[in-house]
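Chains as they are written, first to last, in this note's numbering: chain Y, 642 to 1042; chain B, 642 to 1042. We put the beta carbon where it would ideally sit given N, CA and C, even for glycine. Bear in mind the structure is a predicted one, so any value in this text is a computation, not a measurement. Here the structure is laid out as structure tokens; the discussion comes afterwards.
Protein chains: 2
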Amino acid sequence: MSINLGKLFSEAAAKQKASPIREMMSSAKKPGMISFAGGMPDPDIFPLDLFAECSDIIRTDGKTILQYGTTDGYPPLKEFISQWTAPRMGKTVRDEELLVTSGSIQVADLLNLSVVEKGDYIITESPTFLGTILDMYNHGANLCGIPCDNEGMIVDQIPGEIEKIRSSGNEVKYIYTIPNFQNPVGCTLSLERRKKLLEIARNYNLLILEDDPYAYIRFDGEDLPTLYSMDTEDSVIFAGSFSKVLAPGVRVGWCAGPQEILRKMTVFKQGVDTSTSILAQGLVYEYCRKGHLEKRLPSIIDHYRVKRDVMEKAFQQFLPTDSVNYTKPQGGFFYWLETPEILTDDLFEKAVEKNILFVKGEPFFPNEGGKHEFRMCFSFPSVEMINEGVRNLGTAMKELL
Amino acid sequence: MSINLGKLFSEAAAKQKASPIREMMSSAKKPGMISFAGGMPDPDIFPLDLFAECSDIIRTDGKTILQYGTTDGYPPLKEFISQWTAPRMGKTVRDEELLVTSGSIQVADLLNLSVVEKGDYIITESPTFLGTILDMYNHGANLCGIPCDNEGMIVDQIPGEIEKIRSSGNEVKYIYTIPNFQNPVGCTLSLERRKKLLEIARNYNLLILEDDPYAYIRFDGEDLPTLYSMDTEDSVIFAGSFSKVLAPGVRVGWCAGPQEILRKMTVFKQGVDTSTSILAQGLVYEYCRKGHLEKRLPSIIDHYRVKRDVMEKAFQQFLPTDSVNYTKPQGGFFYWLETPEILTDDLFEKAVEKNILFVKGEPFFPNEGGKHEFRMCFSFPSVEMINEGVRNLGTAMKELL
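Following this line, the structure appears as structure tokens:
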């Protein structure tokens, strides 16, 4: 049967953007392969026994968590999130301002479904998270990427881009940012720029989607206030996640935002998946209620700090440091490397020969870029693998210089 | 802040369609209320202990089920589904023809996201399931409803409608059907009509979405072959669910379909929610692997058959039978009642006074209809509640005649 599937433009985009990740995933399973690719937590610190014990909630509240539930989330979990996030949110988020989602990635999907019409623009960091830009394409959006430096997105460039888009007769629907330990760059948006970004959103009457999955994985320095907490105009939707502080397989995230928009996203979610797995929400809640989340967080941070430090040291020891640029991230899962004299495609090929995987830069760029850049994840591989892998990566680089 | 949220057309539609359900949900919690509204399984037969024991898989395979997983599903669960559904599918569905989804409702969402452009038409039964038509509206689709009788959708009316839509310059993207124990009508598509429907799809080069969540809840009569098993043209996407045979709170469903379309839906799902909760998939798999699903199915069917029979008897005993039309469903969760002399709005008001809830007919209709019709769910209330509720409903009806 040959049917018109429609949306071929987005399929093409999807294929182009999705394939490097699938390529990674399958290569990562080859024996002996050291993967710095997928941005995955370390399964060695998953709390298997503690989490398994939380399944008691199936016996105590199973008639609720196995039944259909309200679309906005399992009420006890919403209550926990509201209390737990209050310091970062600058307030106790009210029930009608909070929506539990199937991972924080679904926040972007629901926002796209709710506000994006084909041809609308979304402003993003460039480079940025592959998963959300894939979904933006799939909803028919055009992306306008703003470059980043060590202080995050160069927000001064936004107004000019908005003017250009508007004068071409198109609409900008929102600004997407990952302010802390950005994926893939690892940079953090400075306080000054946070203020400016909010000012720009106010001036141009735009929403901001603040995607903050790495917030709690900070190794050094002080937390900066969230855009959400600094917002006085009901313009920020904040997306959070249990993926990095507990486990991604639960697929539980949330968003906080203005009631009007959240209500709309909730109505749309009803038709998308009815609700996020109540079973998963129940187990996550039980884990949080027992205090495990907060108790284990410091050791999770320590665990990843060690890996970051091992990678930093290995870079200094094994890479041809004159030919590679990178900045030590203050948190999160990633280093972003630039090799001005080496094409990433060439390096990738060499690296795979040496059983090393990373993610090439190009797919992270909403428009152009990434030919000399790539992402290295330090959260997943063991300390031994980081050392061995970076040594081999260094050899590969040197062979190309 | 006042921003252009866009898609207001769909918000209006969403509000209109979603509100009766939300109204139900909140009324259902009033003390003393007997609800025949929400199409929920009976939580009294949820296998709390058996399912809690399945959490052992968190200890044995937690490093997998708590980690990010492949978008298409947890491989052991896919393997189980493929084997378990083989008799109904007419073959062992291959891995690349199978996608695990966040409830079967997500199958429609992913298909809409993959193929529907604003203004495209979808052909549905009229009336049909509220959740999917809500999502169709939200993706900008127009709906064309085809009436049903006791043999299901009157498929002979489809070609004329397709011709009309095409001659107006629009496209039909697919035909949506719930062939067994349809929600809300309870009817089952006859074998003759199944054949005709496939012929129509072939002649007009259209996809069919076969939504079959109630398939296994058959009380009387013989299973009819699925459209999927009779399809020779790669035109059918089959959607299945664990909601009715295990529990809806897990939010695990699946679809089987042509590889090309499934691949596209999988790529789109990657941006929507990365994957369905692997934790939930793992627990569902463990439950199935231990044989509980198949072992418990006969008693689940018996449990709901008793309720259907109690409702049938109560109808005969308490309703003014000359003034109400209904057909005994062979399976599923619902009766559909028509009261030619009574407006459903009036009956609803009277019923709520008497602490009875049902779902009004109107929101189920994609175009017009339902002013004298309503849905009664027998799966959720207890036998005592069915008797008491139907008695009060009969009183309410008689007061309006």
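Below the 8 Å Cβ cutoff, chain Y contributes GLY703, LYS704, LEU707 and GLN708 as neighbours of PHE687 of chain B, in chain order. Secondary structure of SER870 of chain B (DSSP, three-state): helix. Excluding sequence positions up to five before and after PRO1007 of chain Y, its CB lies within less than 6 Å of the CB of THR765, SER767, ILE774, LEU784 and GLY786, all in the same chain and listed in chain order. Restricted to the stretch 742-802 of chain Y, the alpha helix (DSSP H) segments that are unbroken, complete and at least 4 residues in length are 746-756 and 771-779, listed in chain order.
A straight line joining the alpha-carbon of THR733 of chain B with that of ALA897 of chain B spans about 10 Å.
Setting aside the 5 residues that flank it on each side, GLN971 of chain B is surrounded in the same chain by PHE822, THR829, ARG859, PHE860, ASP861 and GLY862, each with a C-beta closer than 7 Å to its C-beta; the list follows chain order. Following the DSSP letters along the chain, one finds ARG949 of chain Y inside the alpha helix (DSSP H) bounded by residues 933-959. Counting of Cβ neighbours within 10 angstroms places ALA992 of chain Y among the buried residues, the total reaching 16 or more.
Separation of SER676 of chain Y and THR917 of chain B (C-alpha to C-alpha, rounded to the nearest whole angstrom) is 24 Å. Between TYR815 of chain B and PRO800 of chain B, the alpha-carbon positions lie close to 13 Å from each other. Close CB contacts of GLY760 of chain Y within its chain, under the 7 Å cut and outside five residues either way in sequence, are with GLY781, ASN783 and ASN811 (chain order). Note that the stretch 942-957 of chain Y touches the stretch 1018-1025 of chain Y; at least 3 beta-carbon pairs, one per stretch, sit closer than 8 Å. One alpha carbon belongs to GLU720 of chain B, the other to LEU920 of chain Y, and they sit about 22 Å apart. In this structure the stretch 884-894 of chain Y lies against the stretch 736-743 of chain Y, because at least three pairs of beta carbons, one per stretch, are closer than 8 Å.
Between TYR976 of chain Y and GLY827 of chain Y, the CB-CB gap stays under 9 Å. Ranked by how close their Cα comes to the Cα of PHE883 of chain B, the residues B:ILE902, B:ARG904, B:HIS933 and B:ARG843 have B:HIS933 in first place. Taking 9 Å as the cut-off, the Cβ atoms of PHE687 of chain Y and ALA888 of chain Y count as close. Ranked by Cα distance from THR818 of chain Y, the first of Y:VAL748, Y:ASP943, Y:THR705 and Y:LYS910 is Y:VAL748. Runs of the alpha helix (DSSP H) lying entirely within the stretch 698-747 of chain B, each at least 4 residues long, are 716-725 and 727-730 in chain order. Within chain B, VAL913 and ASP914 have C-beta atoms less than 7 Å from the C-beta of GLN747 of chain Y, given in sequence order. Here GLY710 of chain Y has SER916 and ILE919 as same chain residues with Cβ atoms under 6 Å from its own Cβ, once five neighbours each way along the sequence are excluded. In this structure, DSSP gives ASP875 of chain B a state outside helix and strand, which the three-state scheme calls coil. Residue nearest to ALA880 of chain B within the set B:ASN791, B:GLU833 and B:MET730 is B:MET730 (criterion: CA-CA distance).
Chain B has no Cβ within less than 9 Å of the Cβ of GLU1025 of chain Y. Using beta-carbon distances, ASN791 of chain B does not count as an interface residue toward chain Y, since no partner is under 9 Å.
For the pair LEU838 of chain B and ILE698 of chain B, the CB atoms are not nearer than the 9 Å cut-off. Scanning B:GLU935, B:LEU848, B:GLU833 and B:MET1026 for the CA closest to the CA of LEU865 of chain B turns up B:GLU833.
Under the DSSP assignment, PHE677 of chain Y falls outside any beta strand (DSSP E); it carries neither an H nor an E label. In terms of Cβ geometry, ASP702 of chain Y and SER723 of chain Y do not form a close pair [threshold 9 Å]. The three-state reading of DSSP puts CYS896 of chain B in strand, counting E and B together. In the DSSP assignment, the residues bridged to ALA880 of chain Y are Y:ASP852 and Y:CYS896.
Note on LEU960 of chain Y: 16 or more other CB atoms within 10 angstroms of its CB, so buried under the neighbour-count rule. Taking a C-beta cut-off of 7 Å against chain Y, the contacting residues of the stretch 880-895 of chain B are ALA888, PRO889, GLY890, VAL891 and ARG892, listed in chain order. Against MET681 of chain B, the close residues of chain Y are GLN708 and TYR709, in the order they occur along the chain (beta-carbon pairs closer than 9 Å). If you ignore the 5 residues before and after ASP872 of chain Y, its C-beta comes within less than 7 Å of the C-beta of LEU839, all in its own chain and listed in chain order. Under DSSP, the beta-bridge partners assigned to CYS1018 of chain B are B:PHE975.
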